[in-house]
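There are 2 protein chains.
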Amino acid sequence: MEKWGNHTRSTSSKNQINKQAGIKKPFTEVIKANIGDAHAMGQRPITFLRQVVALCTYPNLLDSPSFPEDAKERARRILQGCGGNSLGSYTASQGINCIREDVASYIERRDGGVPADPDNIYLTTGASDGISAILKILVSGGGKSRTGVMIPIPQYPLYSAAISELDAIQVNYYLDEENCWALNVNELRRALNEAKAYCNPKVLCIINPGNPTGQVQNRKCIEDVIHFAWEEKLFLLADEVYQDNVYSEGCQFHSFKKILYEMGPEYYNNVELASFHSTSKGYMGECGYRGGYMEVINLHPEIKGQLVKLLSVRLCPPVSGQAAMDIVVNPPVPGEESYAQFIKEKESVLNNLAKKAKLTEDMFNKIPGIHCNPLQGAMYAFPRIFIPSKAIEEAKAHKMAPDMFYCMKLLEETGICVVPGSGFGQREGTYHFRMTILPPVEKLKILLEKVKDFHIKFLEKYA
Amino acid sequence: MEKWGNHTRSTSSKNQINKQAGIKKPFTEVIKANIGDAHAMGQRPITFLRQVVALCTYPNLLDSPSFPEDAKERARRILQGCGGNSLGSYTASQGINCIREDVASYIERRDGGVPADPDNIYLTTGASDGISAILKILVSGGGKSRTGVMIPIPQYPLYSAAISELDAIQVNYYLDEENCWALNVNELRRALNEAKAYCNPKVLCIINPGNPTGQVQNRKCIEDVIHFAWEEKLFLLADEVYQDNVYSEGCQFHSFKKILYEMGPEYYNNVELASFHSTSKGYMGECGYRGGYMEVINLHPEIKGQLVKLLSVRLCPPVSGQAAMDIVVNPPVPGEESYAQFIKEKESVLNNLAKKAKLTEDMFNKIPGIHCNPLQGAMYAFPRIFIPSKAIEEAKAHKMAPDMFYCMKLLEETGICVVPGSGFGQREGTYHFRMTILPPVEKLKILLEKVKDFHIKFLEKYA
């Protein structure tokens, strides 16, 4: 409209043209290996999951012969749990009852029969929402001194961001890079004892399989951590969103909940535990649905009341994300019409990821000045990179962290986007970056070759 | 599994049986008139919106002859804005570009050509998410004294909850019940001046059309409010989620943005304004999708940076909710295949709501001891109820607010669930409740008759 001179819109259009025009770069495409966003990297959705969500979205399709009966059954069940049989209704803040029941059954199957109570399940807007909510509740209950929250270093930065937003104290414990990023209880104890001097540590966060570090904790290590939490009366927060992403021979995912129960009633009646899962990772990679759940056990009834109150402010998690979560925990089973296709799609994704995990580790370890621990699980490599002192000086002159400087150069010269280790935390004087293994195999190979060439040139330049 | 005695699950089942068994009640059905949840009350989704979201969810349907071309076009456009053409990818934290462009075009059409910049549009997880985020940013920028946030009384309790969570100061201004819940600038000034003694008032929240009060502000009143905000350098926060819900003759929705621009550059270059919209209300009633947007203008670039950072912690709004929002701002237009059905469905919902608004007002005003202002807009009645002093005494003996006592009795005796006015705030010594007008007409009539019978008996009992 002429009247307002259309000034704002035209500025915006100009920006977009600038973006498109750009400056000539030595690459044709930016490869976003910085974020665990499977579909954006070309992974195809699981057909069954999308069929069920589409049926729930547009129930006229329940009469269509092109949808399988098992998908229709799932959709009918979910719709029966919705007010007015519509995804458009609010649900209870905690999520749809029948989906929470399916989550509980899934956990029982996964954990070899350890009981799970739907009342302890909260559907969430992705795992992040649950983690933020629990941290908020635990931190706000603090007394005089500020609440300490123990997190691994390196960590997924949601934790540091949430802790700082809540004005709590971040208590770092370091994973052991020399030992395949293992979690060592002595290090937990060191961190806790030092922290007690200046805060009130109440929460211990674990990420297993690790993000960005990709390690998978063994049973013994989990038992040690649980014993430590029991001894020190710490609330355990187990981020287990990569539970389906385990690749290395001899590695297996054990949930904290399962091990807790196997350690006996002294533990499972006392240790407070929240664990998190999501639609975003695993083999489905449905990040955009913002689906997730948390299971919270041994939560004090009063705190539980506060949690429900807090969750009710955001009304309810997105209902199509709840539906997607239902299919993650309640996929087709043998004998059902969709089983064959489902298992084929699932295994294809997971086998590919396993192949890419090995490929990435192997290729990184052939590059001089790069060392990469085995990618036992999750979907990232977190290689350690040697940065020559001349490059460190130049980074400092640009007021940049040395690994940020490295990653910027990598991006400018190759179009490959990865995240500097300083975004996750790392031991002083060590440098890393995080890269996803999500690009298709052929593209990943090219990407790794490019990193190799870049790195060798970088070493030469700053020798 | 026997090993764990299945104790948790069996407790849960027992609870459910108790819920089902219950105690014999003098009604057959609970009518939930407490929450603005249209689909749960039987309203049907808008076909076109669901078709587009289903097509985006399961793109195989793009080949199906049973979906109209205009829906397919919308779906293709949205998918092109998604990483890997999938709803399962993360989007930018601010939301998908092409949807933000559609929102900007919608605002320009709505506001008679006042320009809107897609860069100022943020897609959100329902309107609540946007409101909480903006409040957090504005409050955290505070200096020595705590930030005051002015809110109407009665208000939608999201505001009081967010303010208390952020440890800010709630500054009440009272809507004028005698004058159809009008907003009076003298009252704003009184509230502001008193508040300056104990806090730093920085934000003025307006809900228009009003929730729970249903008034629609006229142009003069909006101009006065904008002038006041300009004068006092207050950040204006305009909750306009009921912008499509205007029923009374002679009432019209005016956006704050439009009036701001019409007041001239001194205003539109200086007054900071955030306005909110949602998929949940209007004629679509898609609460479960958690779709929404906010437009923020004149935000300081530094604060804008903080906002983007804050929003990025939750990664992105649910993508199917973003798609639903797109259809709300970009529905079928004359000449398109789906237009006739769309406009029929939309008008049916809105005409029905208008009819129910009038019916509710009329029926309430026939009940002795109840007075109800005209329901000019939104989807609630907020009648004032006379509660006899004997009932007030009995409520106090039960440690209940008198209107809570009244609403509990109403629920117990009739199965009708409404929300006591004390949940929204009201002038000392006055009592109200909020009731939605969403039940179907015939059911609403029965409901209002039941309230009438209950109220008359209540007056007799406590005379």
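Protein chains in written order, with full-length UniProt numbering: chain A, 1 to 463; chain B, 1 to 463.
Note that CB positions come from ideal geometry on N, CA and C, so glycine has one too.
Where I35 (chain A) meets chain B, residues with beta-carbon distance less than 7 Å:
Ordered by position in chain B, the residues that pass the 7 Å Cβ test against I35 (chain A) are Y90.
Looking at C-alpha atoms only, which residue of B:I297, B:A162 and B:A324 is the closest neighbour of K309 (chain A)?
Per the Cα distances, B:A162.
Segment limits, alpha helix (DSSP H) that includes A274 (chain A)
Element bounds for A274 (chain A): not the alpha helix (DSSP H) but the beta strand (DSSP E), L273 to S278.
Classification of K202 (chain B) by the beta-carbon crowding that lies within 10 angstroms, buried from 16 upward:
By the Cβ-count criterion, K202 (chain B) is buried, with 16 or more other Cβ atoms from all chains shown falling within 10 Å of its own Cβ.
Using a Cβ distance threshold of 8 Å, determine whether the region 291-308 of chain B contacts the region 71-79 of chain B, with at least three qualifying pairs required.
In the pairwise beta carbon analysis, the region 291-308 of chain B is classified as not touching the region 71-79 of chain B: fewer than three pairs are separated by under 8 Å.
Within 9 Å (strictly less), CB to CB, does Q43 (chain A) reach chain B?
Taking Cβ atoms only, chain B reaches closer than 9 Å to Q43 (chain A), which makes this a yes.
Counting contacts by CB-CB distance shorter than 9 Å, is V349 (chain B) in contact with chain D?
No chain D is present in this structure, whose protein chains are A and B.
How long is the line joining the alpha carbons of Y174 (chain B) and D176 (chain A), rounded to whole angstroms?
Taking the CA atoms as reference points, Y174 (chain B) sits about 60 Å from D176 (chain A).
Beta carbon proximity, P318 (chain B) to chain A, threshold 9 Å
Yes, its Cβ sits closer than 9 Å to a Cβ of chain A.
Check whether the Cβ of H254 (chain A) lies closer than 9 Å to any Cβ atom in chain B.
Chain B, which has no Cβ nearer than 9 Å to the Cβ of H254 (chain A), makes this no.
Determine the closest residue to K25 (chain B) out of B:K32, B:E413 and B:D37, with distance taken between C-alpha atoms.
For the residues B:K32, B:E413 and B:D37, the minimum Cα distance to K25 (chain B) belongs to B:E413.
By DSSP's criteria, C417 (chain A) is part of a beta bridge. Which residues make up the other side?
Looking at the DSSP assignment, C417 (chain A) forms a beta bridge with A:K32.
Could you check the C-alpha separation between L350 (chain A) and N245 (chain A) for me, to the nearest Å?
Rounded to the nearest whole angstrom, the CA to CA distance from L350 (chain A) to N245 (chain A) is 7 Å.
Do G81 (chain A) and A38 (chain B) have their CB atoms nearer than 9 Å?
At the C-beta level, G81 (chain A) and A38 (chain B) stay beyond 9 Å of one another.
Could you check where the beta strand (DSSP E) with T147 (chain A) kicks off and where it finishes?
Here the beta strand (DSSP E) through T147 (chain A) covers T147 to I153.
Here's the rule I'm using: 16 or more other beta-carbon atoms within 10 Å means buried, otherwise exposed. How should residue 464 (chain B) be labelled?
Chain B is shown from 1 up to 463; residue 464 (chain B) falls before or after that span and cannot be answered.
Since K281 (chain B) is in the beta strand (DSSP E), which residue starts that stretch and which ends it?
That residue, K281 (chain B), is in no beta strand (DSSP E); it is neither H nor E in DSSP.
Can you list, in chain order, the residues of the region 158-192 of chain B whose Cβ is nearer than 8 Å to any Cβ on chain A?
Of all residues in the region 158-192 of chain B, L158, A161, A162 and E165 have a Cβ within less than 8 Å of some Cβ in chain A.
List the residues of chain A that Y129 (chain B) touches, going by C-beta distances under 8 Å, in chain order.
According to the sequence shown, residue 129 (chain B) is Asp rather than Tyr. Simply R314.
Mapping DSSP to helix, strand and coil, what is A21 (chain B)?
Model confidence at A21 (chain B) stands at a pLDDT of 48, short of 50, so the residue's coordinates are unreliable; what they give is reported in the following sentence. Correct three-state label for A21 (chain B): helix.
Any beta carbon from chain A within less than 9 Å of L87 (chain B)'s own beta carbon?
Using a CB distance cut-off of 9 Å, L87 (chain B) counts as an interface residue toward chain A.
At what residues does the alpha helix (DSSP H) containing L79 (chain A) begin and finish?
Residue range E69 to Q80 is occupied by the alpha helix (DSSP H) that includes L79 (chain A).
Taking the alpha helix (DSSP H) that K452 (chain A) belongs to, which residues open and close that run?
Residue range V441 to K461 is occupied by the alpha helix (DSSP H) that includes K452 (chain A).
Tell me the rounded alpha-carbon separation between K220 (chain A) and G415 (chain B).
Between K220 (chain A) and G415 (chain B), the alpha-carbon positions lie close to 55 Å from each other.
Output needed in chain order: residues of the region 280-312 of chain A with a Cβ under 7 Å from some Cβ in chain B.
Residues passing the 7 Å Cβ filter: G285, E286, C287, G288, Y289 and R290.
Taking Cβ positions only, does Y58 (chain A) come closer than 9 Å to chain B?
Interface residue (Cβ-Cβ distance to chain B less than 9 Å): Y58 (chain A) is classified as such.
With DSSP run on the structure shown, which of helix, strand or coil describes H39 (chain A)?
In this structure, H39 (chain A) counts as helix in the three-state DSSP scheme.
Proximal residues of chain B, C-beta to C-beta of H39 (chain A) below 7 Å
Going along chain B in sequence order, the residues near H39 (chain A) (Cβ under 7 Å) are G83, G84, S86, G88 and S89.
N-terminal and C-terminal residue of the alpha helix (DSSP H) that P301 (chain A) is part of
Boundaries of the alpha helix (DSSP H) harbouring P301 (chain A): P301 to V313, taken from the DSSP string.
Residue range of the unbroken alpha helix (DSSP H) whose run includes N352 (chain A)
Where N352 (chain A) is concerned, the enclosing alpha helix (DSSP H) stretches over Y339 to N365.
Could you check whether L236 (chain B) and L192 (chain B) sit closer than 9 Å to each other, using their CB atoms as the reference points?
In this structure, L236 (chain B) does not lie closer than 9 Å to L192 (chain B) by Cβ.
Per DSSP, what kind of secondary structure is Y122 (chain A) in: helix, strand or coil?
It is a strand residue.
Return yes when the Cβ of P402 (chain B) is within less than 9 Å of the Cβ of M435 (chain B), no when it is not.
9 Å or more divides the Cβ of M435 (chain B) from the Cβ of P402 (chain B).
Run of the beta strand (DSSP E) containing D239 (chain A), from where it starts to where it stops:
Judged by DSSP secondary structure, D239 (chain A) falls within the beta strand (DSSP E) whose first and last residues are F235 to D239.
Three-way DSSP call (helix, strand, coil) for H398 (chain B) in this model
DSSP, reduced to helix, strand and coil, places H398 (chain B) outside both helices and strands of the structure shown, so it counts as coil.
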